[in-house]
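Here's the structure we're looking at; comments come further down.
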Amino acid sequence: MAETLEREKKEASEHQADSDSTADLTDGFHLLIDALKMNDLNTIYGVPGIPITDFGRLAQASGMRVLSFRHEQHAGNAAAIAGFLTKKPGLCLTVSAPGFLNGLTALANATTNCFPMILLSGSSEREIVDLQQGDYEEMDQLAIAKPLCKAAFRVLHAEDIGIAVARAYRAAVSGRPGGVYLDLPAKLFGQVMDAELGKKSLVKVIDPAPAQIPAQSAIDRALDVLKSAKKPLIILGKGAAYAQCDDVVKQFVEASGVPYLPMSMAKGLLPDTHPQCASAARSLVLKESDVVMLVGARLNWLLSHGKGKQWGEPGSKKFIQVDIEPSEMDSNIEIAAPLVGDIESCLSSLLGSIKSADVAQPPAAWIDTVNEKRSTNLKRMAQKTGSDTTPMDFHGALGALKNIIEQRPETILVNEGANTLDFARGIIDIHKPRKRLDVGTWGIMGIGMGAAVAAAVETGHPVLAVEGDSAFGFSGMEVETICRYNLPVCIVVFNNNGIYRGTDTNPTGGPDVAPTVFVKDARYDLMMQAFGGEGISVESRDELDAAVNKALDSGKPTLINAVIDENAGTESGRIGNLNPQSVVKK
Ligand code: ADP
Ligand code: TZD
Ligand code: MG
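Shown next, in the form of structure tokens:
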């Protein structure tokens with residue numbers, strides 16, 4: 277009895293000593309939070325659960341913004357867009373195996389688009405995973421993530437958290453930006469260490485994306501090629517938007533006098549209404565130009581790989597390419613003047629040398645040809661976008677939204693779908709940099725609500741999400757997230773009863789509808805009402821105009837179901853040429 281009492285007393289005093297000393301201890305949870313905050317990474321997009329629930333709570337308690345989603349893919353897409361908008365890695369937090377896999381699509385998509393993000397994922401116990409003994413949500417996540425992102429790291433010891441975060445940050449933003457995976461086994465979070473030593477283990481990343489200065493010889497070569505041009509063209513890509521050196525881009529384009537084409541997320545770097553903007557003469561400038569200067573744009577499928585009919589006679593052009601990634605050069609076609617470096621350094625150097633190098637303004641004949649084509653096409657487009665039919669066609673509905681964005685140029689446009697995407701890209705002018713977010717390099721559906729949340733959270737500006745009804749469905753449940761955080765997001769669902777059109781039928785006459793067709797006359801607006809947001813269905817251009825203006829004035833989460841003629845779209849929007857179709861009649 278006395279022995280038991282003695283032992284209990286001893287245990288009690290040890291316990292007392294333990295709790296006294298916790299002030300001098302830290303653990304994996306706190307070290308990770310401290311490491312992120314030290315690097316000014318203060319917002320997390322994610323979905324809670326084992327083993328990261330408490331991490332989310334503690335992060336919020338520490339003053340970080342922790343935004344929970346309904347599905348990890350959308351949290352990941354939000355993190356990727358946060359990365360694009362801020363030049364800092366967006367953070368996505370997921371649980372093990374299935375949550376991780378849901379987030380992985382977004383990580384891969386971010387990497388494909390050159391957006392910096394870090395996917396932080398809890399994982400199961402290494403010993404059990406490696407022996408494949410069937411742990412809760414068991415998966416070798418590091419191995420799976422590796423081929424799908426720019427870099428992947430696992431942290432096993434609390435004292436390595438600081439260096440791991442630093443490595444992940446640097447890997448995400450330096451050179452060509454991309455997605456990084458950070459594997460955090462459950463045991464790591466509870467590991468305890470001396471607080472002072474813990475503090476010393478943290479790393480503040482200095483100069484995370486160092487300027488990459490181009491060689492003068494490369495600058496001279498680029499200017500020589502530009503000088504030789506009779507019909508020059510500049511193509512601005514989303515790398516130029518990401519670089520956030522908007523003034524330098526504008527000064528360079530204006531000093532050169534060269535017509536430019538913005539890729540879709542580079543729209544607004546200079547306003548689409550700029551006199552040098554050749555978007556409305558796209559086919560002509562691609563075909564007829566003799567020197568093409570790419571600035572943060574890849575010659576991938578979106579530019580027909582720099583060859584083929586669209587580009588005129590084979591061998592009729594020389595390319596200058598400004599890019600931070602050396603191996604991008606000659607990836608599809610010969611680059612006569614590779615200019616490897618960051619866009620700000622490259623364009624500043626070019627700008628500095630353009631006068632002394634005697635680069636003349638482009639010949640007037642070329643500018644006149646481009647301008648003529650541009651004004652004919654703009655006139656033709658204006659007729660179409662004036663359309664006022666009921667139900668609406670794409671042109672009429674988008675004509676209304678074009679005017680709204682012109683009056684509210686701070687609004688960030690999010691855009692996905694097929695026809696809804698392709699027509700909006702052509703019709704809605706963007707007036708400021710990084711105000712258009714879309715399906716990016718993969719043409720992926722499902723970025724909509726994640727992008728909308730991140731755009732609102734990161735910038736505080738209103739967001740207009742223009743969504744095909746199919747596209748919206750991929751992330752539609754996140755309307756609850758938008759309502760929960762009361763974000764100034766107005767979603768317009770272009771409801772044409774399906775994918776491309778709502779008119780396909782089942783040739784067998786059987787009970788299933790065609791694979792491209794949805795429930796007719798669905799009311800997407802009611803989804804928003806379910807969570808306390810505003811929801812309205814509109815059939816005419818005037819109604820659409822009034823509803824969007826009201827939503828943007830109020831800043832309230834709103835979903836507008838815009839009824840679009842189900843006959844109006846075309847198969848695959850503007851990329852029907854990539855869609856194989858059977859010619860065999862059976
Ligand atoms: P788009 O789809 O608009 O044509 P891409 O995503 O194909 O644009 O190309 C973006 C390019 O920009 C990538 O090749 C990437 O390496 C490059 N890039 C990204 N950031 C920078 C930067 N700061 N400086 C130079 N190049 C950059
Ligand atoms: N799944 C994913 C992740 N990305 C895709 N791009 C597709 C499927 C295929 N796809 C497109 O390329 S566009 C599209 C799908 C399903 C939807 C088009 O229908 P919509 O647009 O209603 O969004 P429109 O206006 O009716 O053409
Ligand atoms: Mg549709």
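So for the sequence shown, my numbering puts the first residue at 277; every next one is plus one.
Heads up, the beta-carbon is just placed ideally off N, CA and C, and yes, glycines get one too.
Delimiting residues of the alpha helix (DSSP H) encompassing residue i
{"i": "D523", "result": "D522 to S532"}
{"i": "M725", "result": "G724 to T735"}
{"i": "D470", "result": "Premise fails: D470 lies in the beta strand (DSSP E), V468 to D470, not in any alpha helix (DSSP H)."}
{"i": "V441", "result": "I437 to V449"}
{"i": "P374", "result": "A373 to N389"}
{"i": "T757", "result": "V755 to R760"}
{"i": "R850", "result": "Careful: R850 lies outside any alpha helix (DSSP H) and carries neither H nor E."}
{"i": "S746", "result": "D745 to S751"}
{"i": "E403", "result": "R402 to D406"}
{"i": "G702", "result": "N695 to I703"}
{"i": "I720", "result": "Note, I720: premise wrong, no alpha helix (DSSP H); not H, not E."}
{"i": "D801", "result": "D801 to Q805"}
{"i": "L418", "result": "Q417 to A421"}
Opening and closing residue of the beta strand (DSSP E) in which residue i lies
{"i": "N691", "result": "I688 to E692"}
{"i": "M393", "result": "M393 to S399"}
{"i": "K594", "result": "K594 to D599"}
{"i": "G366", "result": "G366 to T370"}
{"i": "Q712", "result": "With the sequence shown as reference, residue 712 is identified as Arg, and Gln is not the correct amino acid for it. R712 to D714 is the extent of the beta strand (DSSP E) around R712."}
{"i": "V769", "result": "V765 to N771"}
{"i": "N679", "result": "Taken as a continuous stretch (DSSP letters only), N679 belongs to no beta strand (DSSP E), being part of the alpha helix (DSSP H) at F670 to Q683."}
{"i": "V824", "result": "V824 -> not in any beta strand (DSSP E); alpha helix (DSSP H) instead, spanning R817 to S830."}
{"i": "D303", "result": "L301 to D303"}
{"i": "R430", "result": "A427 to R430"}
{"i": "V839", "result": "T834 to V839"}
Buried/exposed call for residue i, threshold 16 Cβ in 10 Å
{"i": "A806", "result": "exposed"}
{"i": "A293", "result": "Per-residue confidence for A293 stands at a pLDDT of 47, beneath the threshold of 50, marking its modelled position as unreliable; the derived number appears in the next sentence. Result: exposed."}
{"i": "N385", "result": "buried"}
{"i": "H433", "result": "exposed"}
{"i": "K655", "result": "exposed"}
{"i": "E734", "result": "buried"}
{"i": "Q659", "result": "exposed"}
{"i": "P490", "result": "buried"}
{"i": "S746", "result": "buried"}
{"i": "Y412", "result": "exposed"}
{"i": "T665", "result": "exposed"}
{"i": "A442", "result": "buried"}
{"i": "R868", "result": "Since the first residue shown for the chain is 277 and the last is 862, residue 868 is missing from the structure and cannot be characterised."}
{"i": "R341", "result": "exposed"}
{"i": "P374", "result": "exposed"}
{"i": "Q857", "result": "exposed"}
{"i": "E756", "result": "buried"}
Own chain, CB closer than 7 Å to residue i, minus 5 neighbours either side, in chain order
{"i": "P709", "result": "A517, D522, G544 and L545"}
{"i": "R446", "result": "V481 and P484"}
{"i": "A700", "result": "L674, N691 and V742"}
Alpha-carbon to alpha-carbon, residue j and residue i
{"i": "S532", "j": "A636", "result": "8 Å"}
{"i": "L312", "j": "D821", "result": "43 Å"}
{"i": "I720", "j": "A741", "result": "15 Å"}
{"i": "M277", "j": "A419", "result": "Here the model assigns M277 a pLDDT of 44, short of 50, so the residue's position is not dependable and the matter cannot be decided."}
{"i": "S338", "j": "G572", "result": "38 Å"}
{"i": "L677", "j": "Q409", "result": "56 Å"}
{"i": "N762", "j": "I723", "result": "19 Å"}
{"i": "G438", "j": "K526", "result": "39 Å"}
{"i": "M393", "j": "L383", "result": "7 Å"}
{"i": "A356", "j": "E601", "result": "19 Å"}
{"i": "Q467", "j": "E435", "result": "9 Å"}
{"i": "L396", "j": "D714", "result": "24 Å"}
{"i": "A288", "j": "D470", "result": "Per-residue confidence for A288 stands at a pLDDT of 48, beneath the threshold of 50, marking its modelled position as unreliable; no derived number is given."}
{"i": "L281", "j": "T302", "result": "Confidence in L281 is poor, its pLDDT being 49 and thus under 50, which makes the residue's placement unreliable; the coordinate value appears in the next sentence. Cα-Cα distance, rounded: 32 Å."}
{"i": "G566", "j": "E810", "result": "Per the sequence presented here, residue 566 reads as Asp, with Gly not at that position. Distance between the alpha carbons of D566 and E810: 52 Å."}
{"i": "E682", "j": "L697", "result": "18 Å"}
Residues near residue i by beta carbon distance below 6 Å, same chain, minus five either side
{"i": "S399", "result": "S372, Q417, D459 and P461"}
{"i": "M725", "result": "H350, S751 and E754"}
{"i": "V839", "result": "P667, N771 and E815"}
{"i": "I706", "result": "K543, G544, D548 and R712"}
{"i": "E686", "result": "H737"}
Own chain partners of residue i with C-beta closer than 8 Å, once the 5 adjacent residues on each side are dropped
{"i": "P639", "result": "K506 and K507"}
{"i": "I609", "result": "L575, H581, G582, K583 and F595"}
Taking the runs of the beta strand (DSSP E) that are 3 residues or longer, which of them lie wholly in the region 598 to 659?
613 to 616
In chain order, which continuous runs of the alpha helix (DSSP H) of length 4 or greater are located wholly inside the region 496 to 583?
514 to 518, 522 to 532 and 558 to 564
Report the residue ranges of all alpha helix (DSSP H) runs contained in full by the region 315 to 374; include only those spanning at least 4 residues, in chain order.
329 to 337 and 348 to 362
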